[in-house]
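K.L.:
Pasting a structure below so you can have a look.
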Amino acid sequence: MSTSILWFRRDLRTGDHPALAAAATWAQHGSTPNGQNEQAEVLPVFIFDPAQCHLHGRWRYHALINGLQELNRTLDGRLLVLWEDPVTAISRLAKTIGANSVHVTDDYTPYAQDLYERVEDALDQQNLPLVRTGDPYLIPPGTITTQDGGNYKVFTAFSKRWFALPHPGPMPTKVRNGKIEAKIGRSIAKTVDIDQVPAGGLKVTAILKDPSEISGFESQTVNLDKCTGAVPEVWTTHIGEKQAKVRLEEFLTGPAGVNYDTDRDRMDRDGTSRLSTQLAYGTIHPRTILAELAQADLPEKASERYATEIAWREFYGDFLYCQPDSAWENVNPGFARFDWDDDQEKFEKWCQGQTGYPVVDAAMHQLVESGWMHNRARMVVASFLTKHLLLPWQWGAKFFLHHLVDAEFASNQHGWQWTAGTGTDASPYFRVFNPYLQGAKFDPEAIYIRAWNPALQSLLERSENESESKTLPGLEIPENKPHKVAYPRPLKAGKTIWLKELDAKTAKKLHEKPGQADYPEPIVDHKTAREEALRRYHARND
Ligand code: FAD
Numbered sequence: 011m012s013t014s015i016l017w018f019r020r021d022l023r024t025g026d027h028p029a030l031a032a033a034a035t036w037a038q039h040g041s042t043p044n045g046q047n048e049q050a051e052v053l054p055v056f057i058f059d060p061a062q063c064h065l066h067g068r069w070r071y072h073a074l075i076n077g078l079q080e081l082n083r084t085l086d087g088r089l090l091v092l093w094e095d096p097v098t099a100i101s102r103l104a105k106t107i108g109a110n111s112v113h114v115t116d117d118y119t120p121y122a123q124d125l126y127e128r129v130e131d132a133l134d135q136q137n138l139p140l141v142r143t144g145d146p147y148l149i150p151p152g153t154i155t156t157q158d159g160g161n162y163k164v165f166t167a168f169s170k171r172w173f174a175l176p177h178p179g180p181m182p183t184k185v186r187n188g189k190i191e192a193k194i195g196r197s198i199a200k201t202v203d204i205d206q207v208p209a210g211g212l213k214v215t216a217i218l219k220d221p222s223e224i225s226g227f228e229s230q231t232v233n234l235d236k237c238t239g240a241v242p243e244v245w246t247t248h249i250g251e252k253q254a255k256v257r258l259e260e261f262l263t264g265p266a267g268v269n270y271d272t273d274r275d276r277m278d279r280d281g282t283s284r285l286s287t288q289l290a291y292g293t294i295h296p297r298t299i300l301a302e303l304a305q306a307d308l309p310e311k312a313s314e315r316y317a318t319e320i321a322w323r324e325f326y327g328d329f330l331y332c333q334p335d336s337a338w339e340n341v342n343p344g345f346a347r348f349d350w351d352d353d354q355e356k357f358e359k360w361c362q363g364q365t366g367y368p369v370v371d372a373a374m375h376q377l378v379e380s381g382w383m384h385n386r387a388r389m390v391v392a393s394f395l396t397k398h399l400l401l402p403w404q405w406g407a408k409f410f411l412h413h414l415v416d417a418e419f420a421s422n423q424h425g426w427q428w429t430a431g432t433g434t435d436a437s438p439y440f441r442v443f444n445p446y447l448q449g450a451k452f453d454p455e456a457i458y459i460r461a462w463n464p465a466l467q468s469l470l471e472r473s474e475n476e477s478e479s480k481t482l483p484g485l486e487i488p489e490n491k492p493h494k495v496a497y498p499r500p501l502k503a504g505k506t507i508w509l510k511e512l513d514a515k516t517a518k519k520l521h522e523k524p525g526q527a528d529y530p531e532p533i534v535d536h537k538t539a540r541e542e543a544l545r546r547y548h549a550r551n552d
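For the sequence shown, counting from 1, position 226 maps to 236 in my numbering; every step adds exactly one.
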């Protein structure tokens with residue numbers, strides 16, 4: 011019997027999974043180079059890390075539980091889920107079952123790199139390797155270098171090289187009836203000294219170990235079935251390998267994909283892939299996405315644009331790995347002397363969606379009430395925090411990390427730095443978004459703000475099932491042309507919200523002056539705030 015451990019972290023899938031293939035290979039061939047173990051077993055484990063759990067907001071947590079439940083189903087209920095310090099858990103587990111190796115997908119955040127080193131040290135004492143195979147990116151961070159061996163600081167130059175490199179296709183791995191099947195090539199075979207790999211790859215198999223056979227972990231074991239009731243069935247939390255594939259297909263064959271190039275900025279439309287949460291938890295890998303994208307019948311512009319967005323994710327992953335200090339420090343050292351404010355009260359108003367700017371408030375409600383926010387809205391609220399309220403980008407980044415269901419450390423920290431003007435390639439600090447104009451341009455019928463801003467919603471919404479209610483003046487809903495809101499508020503899952511069509515002039519007015527007695531006055535005046543931002547920007551060099 012030869013057993014290896016597969017430690018799942020941000021890779022909650024079984025298809026296109028190099029570490030799964032590596033675990034099966036070690037189980038089958040690990041202790042007998044060029045030979046085969048009669049009974050090869052892989053124990054899949056996920057560990058809730060108590061040091062990280064408090065950082066997860068409820069939506070993130072729900073998505074994770076949902077992703078684990080889905081993964082467990084695919085693994086025929088054989089996923090061991092623990093709540094323990096991962097260093098202790100992994101080394102104890104390896105010892106208890108007499109594992110020959112521990113396998114994990116590499117992860118390039120500073121926290122993960124440090125954690126892996128600590129696990130490596132602990133396993134070293136048992137003479138066991140922690141084998142890192144694959145990672146969440148198409149091209150591993152640190153691979154694309156400039157001529158002098160450094161990392162790229164500018165996206166366009168990075169993406170040129172990224173597009174020019176061969177893009178690896180998905181790795182054939184699957185789990186069926188409790189058995190792992192994979193086809194491996196030279197790189198994985200090499201890790202256990204297998205010499206002969208046929209041209210088409212070598213087939214490896216292993217069975218999944220039943221975790222109920224293992225004793226000594228009862229008090230740390232999490233029962234996923236008991237978490238079921240807590241998970242709302244809404245798209246932001248409903249993640250898993252199957253759901254990711256379904257959503258990808260929907261996107262690539264539907265209007266969102268076809269019109270991606272033009273609609274991706276529209277906050278009022280369902281115009282993006284909404285795959286970020288799946289990517290964050292690794293229920294799908296960019297290899298699979300790009301392979302499907304290449305096969306899809308999309309206009310060239312849409313297809314290129316979509317691949318470019320994936321490349322942004324790769325760029326930020328690469329940058330953070332090469333410059334880990336950029337996680338919390340300004341990339342642009344010129345901001346070391348910037349005079350940020352320290353106003354907790356204003357920050358609270360921003361968090362609660364009470365700034366008096368309809369689009370900012372709607373976006374913050376979308377975040378807190380659904381765990382997701384449209385990309386354009388992320389830019390608007392991040393710009394507002396750093397340039398209107400003059401608060402440090404790190405405050406906003408932390409709040410996002412807690413609430414965003416798709417929180418990815420590299421994309422988040424650098425998305426913030428980009429918007430704040432302190433980061434790579436940054437939109438310059440002196441370019442201050444006008445929230446009114448952003449709203450009018452990217453939400454021209456005020457659909458987004460009416461859907462997400464509760465102060466406006468109470469007047470302007472009605473549900474599909476409600477009886478006729480055209481009593482409020484100006485709120486008639488045309489029967490023939492209603493707008494279906496792109497992101498129904500998840501707490502009202504199943505209910506469709508229909509909104510009256512508004513002409514651009516009325517919508518613009520709604521963006522600027524909601525005209526409701528209880529709507530808060532703007533927390534800062536746009537013009538004055540802009541001037542103050544520019545003054546501080548220039549003062550930093552004095
Ligand atoms: P699509 O438009 O369908 O894009 C496809 C994929 O490309 C996304 O799923 C994502 O993986 C990637 N992508 C798209 N835009 C970007 C971008 N600007 N930077 C990096 N990757 C991108 N994205 C995260 O995944 N996690 C975060 O924590 C995160 N925080 C952000 C914070 C700020 C302040 C800003 C401005 C952006 C942030 N983004 C983050 C990027 C972007 O907003 C989201 O990736 C996007 O909204 C996800 O929706 P989607 O999957 O429908 O995107």
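The C-beta atom is built at its ideal place from N, Cα and C for all residues, glycine as well.
Using a Cβ-Cβ cutoff of less than 7 Å, which residues in the same chain neighbour residue 162 once the five nearest sequence positions on both sides are dropped?
P.N.:
Result list for residue 162: 154, 156 and 168, in chain order.
K.L.:
Under 9 Å between the Cβ atoms of residue 341 and residue 312?
P.N.:
Contact: no.
K.L.:
Ignoring anything shorter than 3 residues or poking outside the stretch 178-245, list the beta strand (DSSP E) runs there in chain order.
P.N.:
The qualifying runs are 183-186, 189-194 and 212-218.
K.L.:
The alpha helix (DSSP H) spanning residue 106 covers which residue range?
P.N.:
It spans 96-107 - the alpha helix (DSSP H) in which residue 106 sits, taken as one unbroken run.
K.L.:
Return yes when the C-beta of residue 233 is under 8 Å from any heavy atom of ligand 1, and no when it is not.
P.N.:
No, Cβ of residue 233 sits at least 8 Å from all heavy atoms of ligand 1.
K.L.:
Would you please state the rounded distance, in angstroms, between the beta carbons of residue 296 and residue 148? I believe it to be under 8 Å.
P.N.:
Their Cβ separation, rounded to whole angstroms, is 5 Å, which keeps residue 296 and residue 148 in contact under 8 Å.
K.L.:
Candidates 445, 424, 13 and 405: which alpha carbon is nearest residue 435's?
P.N.:
If we check each option's Cα against that of residue 435, 424 comes out closest.
K.L.:
Quick test of your reading: residue 373 and residue 391, contact by CB under 8 Å. State the CB separation rounded to the nearest angstrom.
P.N.:
Between residue 391 and residue 373 the Cβ distance is about 5 Å, and since that is below 8 Å, they are a contact.
K.L.:
For residue 522, does the three-state DSSP call read helix, strand or coil?
P.N.:
Note: residue 522 maps to helix in three-state DSSP.
K.L.:
Bridge partners of residue 15, per DSSP?
P.N.:
DSSP, once it has assigned bridges, lists 53 and 112 as partnering residue 15.
K.L.:
Going by DSSP, what residues sit across from residue 142 in a beta bridge?
P.N.:
In DSSP, residue 142 forms a bridge with 114.
K.L.:
Taking its Cβ as the centre, do 16 or more other Cβ atoms sit within 10 Å of residue 413, making it buried, or is it exposed?
P.N.:
Residue 413 should be labelled buried.
K.L.:
Going by DSSP, name the residue or residues bridged to residue 91.
P.N.:
56, per the DSSP bridge assignment.
K.L.:
Buried or exposed for residue 187, please, with buried defined as at least 16 other CB atoms from any protein chain shown within 10 angstroms of its CB.
P.N.:
By the neighbour-count rule (16 or more Cβ atoms within 10 Å), residue 187 is not buried but exposed.
K.L.:
Compute the Euclidean distance between the alpha carbons of residue 543 and residue 437, then round it to the nearest angstrom.
P.N.:
So the alpha carbons of these two residues sit roughly 14 Å apart.
K.L.:
State buried or exposed for residue 477, treating a residue as buried only when at least 16 other CB atoms are found within 10 Å of its CB.
P.N.:
Since pLDDT at residue 477 reaches only 45, below the 50 mark, its modelled position is unreliable, and the value read off the structure follows with that caveat. Classification of residue 477: exposed, given that the 10 Å Cβ count is below 16.
K.L.:
Measure the alpha-carbon distance for residue 194 versus residue 353 and round it to whole angstroms.
P.N.:
In a straight line, the C-alpha of residue 194 is about 56 Å away from that of residue 353.
K.L.:
Between 62, 29, 87 and 13, which lies nearest to residue 40 when the distance is taken from Cα to Cα?
P.N.:
Per the Cα distances, 13.
K.L.:
Given a threshold of 16 other Cβ atoms within 10 Å of its Cβ, counted over all protein chains shown, does residue 263 qualify as buried or as exposed?
P.N.:
So residue 263 counts as exposed.
K.L.:
For residue 70, which option in 545, 410, 129 and 337 has the closest C-alpha, if you only look at C-alpha atoms?
P.N.:
Ranking 545, 410, 129 and 337 by Cα distance to residue 70 puts 410 first.
K.L.:
Look at the alpha carbon of residue 74 and the alpha carbon of residue 245, and state the distance between them as a whole number of angstroms.
P.N.:
Spanning the two alpha carbons is a distance of roughly 13 Å.
K.L.:
For residue 170, which option in 517, 131, 324 and 385 has the closest C-alpha, if you only look at C-alpha atoms?
P.N.:
Nearest of 517, 131, 324 and 385 to residue 170, Cα basis: 324.
K.L.:
Could you name the residues of the same chain whose beta carbon sits closer than 6 Å to that of residue 226, not counting the 5 residues immediately before and after it, in chain order?
P.N.:
106.
K.L.:
Here's a check: name, in chain order, each residue in its chain whose Cβ is nearer than 7 Å to the Cβ of residue 350, leaving out the five neighbours to either side.
P.N.:
400, 401 and 402, listed in sequence order.
K.L.:
Can you tell me the Cβ-Cβ gap for residue 110 and residue 36, rounded? I've got them flagged as a contact below 8 Å.
P.N.:
With 8 Å as the limit, residue 110 and residue 36 qualify as a contact, their Cβ atoms being about 6 Å apart.
K.L.:
Determine the DSSP secondary structure at residue 22, reduced to helix, strand or coil.
P.N.:
Correct three-state label for residue 22: coil.
K.L.:
Determine the DSSP secondary structure at residue 374, reduced to helix, strand or coil.
P.N.:
The answer is helix: DSSP assigns residue 374 an H, G or I state.
K.L.:
Which of the three DSSP states, helix, strand or coil, is assigned to residue 161?
P.N.:
Coil.
K.L.:
The alpha helix (DSSP H) with residue 68 in it runs from where to where?
P.N.:
Taken as a continuous stretch (DSSP letters only), the alpha helix (DSSP H) holding residue 68 covers 68-84.
K.L.:
With a threshold of 8 Å, are at least 3 pairs of Cβ atoms found where one atom belongs to the stretch 370-390 and the other to the stretch 448-465?
P.N.:
Short answer: they touch.
K.L.:
Flag residue 431 as yes when its Cβ comes closer than 8 Å to any non-hydrogen atom of ligand 1, and as no otherwise.
P.N.:
Residue 431: no, Cβ never under 8 Å from ligand 1.
K.L.:
Classify residue 175: buried if its beta carbon has 16 or more other beta carbons within 10 angstroms, exposed otherwise.
P.N.:
Exposed, since its Cβ has fewer than 16 Cβ neighbours within 10 Å.
K.L.:
Does any heavy atom of ligand 1 sit closer than 8 Å to the C-beta of residue 416?
P.N.:
Residue 416: yes, Cβ under 8 Å from ligand 1.
K.L.:
Please report the distance separating the alpha-carbon of residue 433 from that of residue 115.
P.N.:
Distance between the alpha carbons of residue 433 and residue 115 is about 28 Å.
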